[in-house]
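The structure appears below as C-alpha cells.
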Amino acid sequence: MLTIAAALTGALDWRRHMKIIVDEAGEIIAKATNDHTLIGGHHRLAIAASLGKRLFWRDTGEPVKLDLLFKNHGSSLQHTA
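If you count by the numbering used here, then the sequence shown holds residues 123 to 203, one letter each, in order.
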C-alpha cells in the first residue's frame with residue numbers, strides 16, 4: 123500500500139506543475155508545463171491563435187505569449203522556407 127500511495131503522490135506532484143491555457147470565455151485550449159512546453163492542445167491552440175482569440179494562463183490571468191510556446195517549432199520552420 124505504501125508503494126501505491128508513494129506512486130500516486132508522485133503523480134499528483136507532477137500534475138501540479140501543469141499550466142492551463144484558456145480563451146476569453148474560460149474554455150480550456152491547451153496545457154503546458156511551467157517552462158512553456160506544450161503538453162496537449164496543439165491544434166486547438168493553433169486554431170485559436172489563427173482566429174485572433176486572446177489566450178490567458180488560467181492560474182494568473184496573464185495573457186499567453188504564443189512566441190514562447192512555438193519557439194522551437196518556429197525555428198525548424200525557418201530552415202524549410
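From the three backbone atoms N, C-alpha and C, an ideal C-beta is built for every residue, glycine too.
Between the CA atoms of residue j and residue i - distance to the nearest angstrom
| i | j | result |
| --- | --- | --- |
| K175 | H139 | 25 Å |
| H201 | L160 | Here the model assigns H201 a pLDDT of 44, short of 50, so the residue's position is not dependable and the matter cannot be decided. |
| D181 | D157 | 15 Å |
| A152 | E184 | 15 Å |
Span of the alpha helix (DSSP H), counted from its first residue to its last, around residue i
| i | result |
| --- | --- |
| D189 | 188 to 191 |
| L167 | 164 to 172 |
Any non-hydrogen atom of the ligand MN closer than 6 Å to residue i Cβ
| i | result |
| --- | --- |
| F178 | Judged by which ligands are present, the structure shown has none, so any question about the ligand MN falls away. |
Identified DSSP bridge partners for residue i
| i | result |
| --- | --- |
| K141 | A154 |
Member of the options whose CA lies at the smallest distance from the CA of residue i
| i | options | result |
| --- | --- | --- |
| A171 | I142, T155, D189, G148 | D189 |
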